[in-house]
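A.B. asks:
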Amino acid sequence: MIEVRNLVKQYGDHYAVNDISFTIEKGRIYGFLGPNGAGKTTTMNIMTGYIGLTSGQVIVNGHDIQEEPYEAKSCIGYLPEHPPVYGDMTPLEYVTFAAELKNIPAAEREESIKKAMELTKIVDVQDRLIKNLSKGYRQRVGFAQAILGFPEVIILDEPTVGLDPRQIHEMRELIRSLGKDHTVILSSHILSEVQDVCDHIIIIHKGKLIAQGTPEELENQMRGAAMELTLKSDDPEKVGAILSAIPGAKNVTCHPAKNGEVMAELEPESKTLDLREAVFGACAAAGCPLLMMKPSSISLESVFLELIADTGAEKEINAAGAEKPEEAEPEQSPEAPETEEKGGDTE
Amino acid sequence: MKAVYKRELESYFNTMTGYVFIAIVSAFIGLYFVLYNLRMGHPYFAAALASTIAVFIFAVPVLTMKSFAEERKTKTDQMLLTYPVSVPSIVLGKFFAMMTVYLIPMLIGCLCPLVIRIVGTGSLVIDYSTILLYLLLGAFFISIGMFVSALTDSQVIAAVVTMAALLVIVIWDAITNYIPETPVASLIGFIVIFFLAAFIIYRTTRCWTAPALIAIFGLVASVACYFLAEDWFQGALGKLLAALSIYGTINNFITYYTFDVKGLLIIVCFIILFVYLTIQAVQRRRWN
Numbered sequence: 019m020i021e022v023r024n025l026v027k028q029y030g031d032h033y034a035v036n037d038i039s040f041t042i043e044k045g046r047i048y049g050f051l052g053p054n055g056a057g058k059t060t061t062m063n064i065m066t067g068y069i070g071l072t073s074g075q076v077i078v079n080g081h082d083i084q085e086e087p088y089e090a091k092s093c094i095g096y097l098p099e100h101p102p103v104y105g106d107m108t109p110l111e112y113v114t115f116a117a118e119l120k121n122i123p124a125a126e127r128e129e130s131i132k133k134a135m136e137l138t139k140i141v142d143v144q145d146r147l148i149k150n151l152s153k154g155y156r157q158r159v160g161f162a163q164a165i166l167g168f169p170e171v172i173i174l175d176e177p178t179v180g181l182d183p184r185q186i187h188e189m190r191e192l193i194r195s196l197g198k199d200h201t202v203i204l205s206s207h208i209l210s211e212v213q214d215v216c217d218h219i220i221i222i223h224k225g226k227l228i229a230q231g232t233p234e235e236l237e238n239q240m241r242g243a244a245m246e247l248t249l250k251s252d253d254p255e256k257v258g259a260i261l262s263a264i265p266g267a268k269n270v271t272c273h274p275a276k277n278g279e280v281m282a283e284l285e286p287e288s289k290t291l292d293l294r295e296a297v298f299g300a301c302a303a304a305g306c307p308l309l310m311m312k313p314s315s316i317s318l319e320s321v322f323l324e325l326i327a328d329t330g331a332e333k334e335i336n337a338a339g340a341e342k343p344e345e346a347e348p349e350q351s352p353e354a355p356e357t358e359e360k361g362g363d364t365e
Numbered sequence: 009m010k011a012v013y014k015r016e017l018e019s020y021f022n023t024m025t026g027y028v029f030i031a032i033v034s035a036f037i038g039l040y041f042v043l044y045n046l047r048m049g050h051p052y053f054a055a056a057l058a059s060t061i062a063v064f065i066f067a068v069p070v071l072t073m074k075s076f077a078e079e080r081k082t083k084t085d086q087m088l089l090t091y092p093v094s095v096p097s098i099v100l101g102k103f104f105a106m107m108t109v110y111l112i113p114m115l116i117g118c119l120c121p122l123v124i125r126i127v128g129t130g131s132l133v134i135d136y137s138t139i140l141l142y143l144l145l146g147a148f149f150i151s152i153g154m155f156v157s158a159l160t161d162s163q164v165i166a167a168v169v170t171m172a173a174l175l176v177i178v179i180w181d182a183i184t185n186y187i188p189e190t191p192v193a194s195l196i197g198f199i200v201i202f203f204l205a206a207f208i209i210y211r212t213t214r215c216w217t218a219p220a221l222i223a224i225f226g227l228v229a230s231v232a233c234y235f236l237a238e239d240w241f242q243g244a245l246g247k248l249l250a251a252l253s254i255y256g257t258i259n260n261f262i263t264y265y266t267f268d269v270k271g272l273l274i275i276v277c278f279i280i281l282f283v284y285l286t287i288q289a290v291q292r293r294r295w296n
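Chains as they are written, first to last, in my numbering: chain B, 19 to 365; chain X, 9 to 296.
#1: One question on the structure: do isoleucine 47 of chain B and tyrosine 96 of chain B come within less than 8 Å of each other, judged by their Cβ atoms?
#2: Cysteine 93 of chain B to phenylalanine 282 of chain X, Cα distance in whole Å?
#3: Who are the Cβ neighbours of alanine 56 of chain B in its own chain at under 6 Å, not counting the five residues just before and after it?
#4: Along the chain, where does the beta strand (DSSP E) that runs through methionine 311 of chain B open and close?
#5: Out of B/Asn277, B/Ala267, B/Gly154, state which residue places its alpha-carbon closest to the alpha-carbon of aspartate 292 of chain B.
#6: Against serine 297 of chain X, what residues of chain B qualify as contacts under a CB-to-CB distance less than 8 Å, listed in chain order?
#7: Can you list the residues of chain B that alanine 11 of chain X reaches, using a CB-CB cut of under 7 Å?
#8: Compare the beta carbon distance of valine 33 of chain X and proline 113 of chain X with 8 Å and say whether it is the shorter of the two.
#9: Can you tell me whether DSSP reads glycine 49 of chain B as helix, strand or coil?
#10: Would isoleucine 208 of chain X be called buried (16 or more neighbouring beta carbons within 10 Å of its own) or exposed?
#11: Glutamine 144 of chain B: which of B/Thr114, B/Asp252, B/Thr248 sits nearest, CA to CA?
#12: Using a Cβ cut-off of 8 Å, which residues of the region 75 to 101 of chain X contact any Cβ in chain B, in chain order?
#13: Do valine 215 of chain B and isoleucine 193 of chain B count as a contact pair if the criterion is CB distance below 8 Å?
#14: May I ask you to report which of helix, strand or coil DSSP gives arginine 214 of chain X?
#15: By DSSP, does aspartate 37 of chain B sit in helix, in strand, or in coil?
#16: Who are the near neighbours of alanine 206 of chain X in its chain, counting only those whose CB is closer than 6 Å to its CB and skipping five residues on each side?
#17: In terms of DSSP beta bridges, what is aspartate 175 of chain B paired with?
#18: Quick one: grab the DSSP three-state call for arginine 294 of chain X.
#19: Measuring straight from C-alpha to C-alpha, what distance separates leucine 181 of chain B and aspartate 142 of chain B?
#20: Nearest CA to the CA of leucine 100 of chain X: which residue from X/Met154, X/Phe29, X/Leu71?
#21: Applying a beta-carbon distance threshold of less than 8 Å, which residues of chain X neighbour threonine 138 of chain B?
#22: With H, G and I counted as helix, E and B as strand and the rest as coil, what does DSSP make of lysine 289 of chain B?
#23: Using only CA atoms, which one of X/Gly130, X/Ala232, X/Thr138 lies nearest to serine 194 of chain X?
#24: CA-CA distance, valine 95 of chain X and lysine 91 of chain B?
#25: Between the alpha carbons of phenylalanine 103 of chain X and leucine 285 of chain X, how many angstroms are there, rounded?
#26: Determine which residues of the region 43 to 72 of chain B have a Cβ less than 7 Å from any Cβ of chain X, and write them out in chain order.
#27: Do tyrosine 155 of chain B and isoleucine 131 of chain B have their beta-carbon atoms positioned less than 8 Å apart in this structure?
#28: To the nearest angstrom, how far is the alpha carbon of valine 26 of chain B from that of alanine 77 of chain X?
#29: Taking its Cβ as the centre, do 16 or more other Cβ atoms sit within 10 Å of phenylalanine 261 of chain X, making it buried, or is it exposed?
#30: Classify serine 151 of chain X as helix, strand or coil using the three-state DSSP reduction.
#31: List the residues of chain X that histidine 100 of chain B touches, going by C-beta distances under 7 Å, in chain order.
#32: According to DSSP, is isoleucine 179 of chain X part of a helix, a strand, or is it coil?
#33: Once the 5 residues before and after glutamate 16 of chain B are set aside, which same chain residues still bring their CB inside 6 Å of it?
#34: Chain X partners of tyrosine 33 of chain B, CB-CB under 9 Å?
#35: Quick check on alanine 331 of chain B - is its C-beta less than 8 Å from some C-beta in chain X?
#36: Just the C-alpha distance for leucine 46 of chain X and leucine 132 of chain X, rounded to the nearest angstrom, thanks.
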């Protein structure tokens with residue numbers, strides 16, 4: 019569907035995008051993940067033909083975006099980071115303008131305008147000036163423009179920024195439903211969002227592709243096997259001794275909690291080692307009741323931060339490939355706390 | 009092109025810009041018409057229209073300043089450039105939209121010769137030809153304003169630079185009169201022009217070979233001509249620059265009723281050049 023080959027975008031000495039290659043297949047939802055300034059927006063701007071590239075190739079549906087821009091752009095609907103809406107128009111005028119610009123045949127025009135506006139729920143504000151609309155509505159008007167005529171590829175740059183939680187939920191539902199028969203590419207710096215919606219995640223950092231794969235593949239790659247325990251005991255040191263004595267356990271830490279309980283954490287020496295039974299046995303033998311045992315959960319965002327901090331040093335990891343990352347930061351899959359409105363990319 | 013044209017035209021009338029432009033230009037045309045033709049009894053509307061040139065210097069930049077600068081500021085250019093439309097059709101759509109707004113006060117002005125005809129004797133041919141010439145001049149002014157607007161994302165800068173450029177065009181003859189006539193002055197002038205051209209090409213293309221060749225060719229050719237044909241260099245720079253006088257062409261017609269085909273062709277060429285440069289400026293932005 020879309021093939022990006024050795025894409026490089028250079029501004030002076032600065033590489034905004036540095037040798038990125040990936041393939042987008044039909045009918046899946048892709049997520050671009052990366053911190054601000056990672057190169058997500060630049061990559062999307064190049065894929066949609068907004069800006070030129072220094073070297074490399076982008077092929078959309080068999081058409082090179084540089085050589086055959088008309089054909090390539092016809093297959094793409096793009097919602098940039100700042101919705102490209104004209105303040106002096108109403109949403110209806112704007113979407114009609116977009117339909118004319120997209121050369122949607124006159125016979126289908128009205129129908130597709132109506133459909134796009136209904137899906138994005140902007141019908142009630144269709145006669146107000148866009149400049150008087152709230153950020154959320156403007157975002158939706160921009161979204162309506164992108165899905166208008168249902169192009170084969172829909173590219174969304176941070177589609178949920180500036181929306182309230184309910185709107186974010188609706189937006190994700192909409193993206194999911196679009197993903198059933200379209201290719202959707204969205205970017206985000208919110209890991210949970212990408213994980214929630216996307217079939218395939220591409221992590222970009224400092225202009226380089228550092229990891230890609232399905233959420234499960236990435237999760238396995240990032241998951242460690244550390245666990246958190248709560249035990250009934252007054253003496254953290256004693257608990258520490260019991261746990262340290264378990265063969266294969268390392269990095270044991272204990273600290274007292276209230277009500278005569280001790281919280282402990284430990285890691286197995288290798289990821290494949292399952293220590294649960296050994297821990298249970300050791301605690302029971304020592305007469306130290308085990309109140310809780312669970313795999314450590316740290317937020318997905320911090321795992322992600324860890325990953326980009328570690329792999330910033332020019333290392334490429336492919337989840338499908340053989341190489342595994344060194345960090346054994348454990349991870350479960352709860353929803354990470356959502357941190358909206360971190361501000362846009364600055365590239 | 010049609011969609012861009014329609015949107016652009018609507019936007020002039022959704023905001024105040026279109027109305028302000030039409031109101032100011034027609035008001036001044038009407039004022040001069042009353043003063044010159046109705047009060048002072050001048051038989052030609054052409055004279056009244058010629059007196060309004062200062063209004064165009066200030067009004068046309070107001071019309072053109074937002075054409076590309078605003079799109080860039082509000083990032084709506086991101087929509088146009090990622091849609092299946094070519095840059096030339098975007099530029100032409102905007103150009104024709106501005107021409108349409110410009111046309112409206114001119115059409116109102118078309119009534120004036122008829123009024124003169126009713127109350128006295130005038131020449132419809134001369135008056136309507138002048139109006140046509142002012143349409144051409146307007147197209148030229150708009151093409152410059154549009155080009156300047158494509159270079160910046162600040163509407164204020166676009167307006168001020170366009171005003172300065174239009175002012176220079178109108179007082180061009182006065183400036184070229186003061187160019188020294190000695191061959192040496194022409195030699196220096198030509199070399200400066202070639203180096204300036206080379207510099208601009210270098211700035212736009214970031215490529216060394218073509219500008220270097222132009223600069224070397226200019227230097228060699230100018231110096232060679234200077235030694236081989238010194239007579240020809242006498243006042244050559246002044247003559248060349250005077251030949252490019254655009255406002256002079258219009259003024260000649262209004263004052264002496266001479267139809268200067270060469271001058272008209274130069275204006276048309278400049279309009280095409282600036283439309284082309286606007287296309288290039290928009291294209292180039294994508295590569296920086």
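Glycine included, C-beta positions come from ideal geometry on N, C-alpha and C.
C.D. replies: Considering the structure as presented:
#1: no
#2: 32 Å
#3: Ile222, His223
#4: 308 to 313
#5: B/Ala267
#6: There is simply no residue 297 of chain X to check, as chain X begins at 9 and stops at 296 in what is shown.
#7: Phe115, Glu118, Leu119
#8: yes
#9: strand
#10: exposed
#11: B/Thr114
#12: Thr82, Lys83, Thr84, Asp85, Gln86, Met87, Leu88, Leu89, Thr90, Tyr91, Pro92, Val93, Ser94
#13: yes
#14: coil
#15: strand
#16: Pro219, Ile222, Ala223
#17: B/Ser205
#18: coil
#19: 18 Å
#20: X/Met154
#21: Residues of chain X passing the Cβ test: none, with the nearest at roughly 16 Å.
#22: coil
#23: X/Ala232
#24: 13 Å
#25: 13 Å
#26: Thr66, Gly67, Tyr68, Ile69, Gly70
#27: no
#28: 28 Å
#29: buried
#30: helix
#31: Lys83
#32: coil
#33: No statement about residue 16 of chain B is possible, as the shown extent of chain B runs from 19 to 365 and does not include it.
#34: Those do not exist, as tyrosine 33 of chain B stays about 15 Å from chain X at its closest Cβ, beyond 9 Å.
#35: Interpretation of alanine 331 of chain B is limited by its pLDDT of 43, a score under 50 that renders its predicted location unreliable; the figure taken from the coordinates is listed afterwards. Chain X contact via Cβ: absent.
#36: 16 Å
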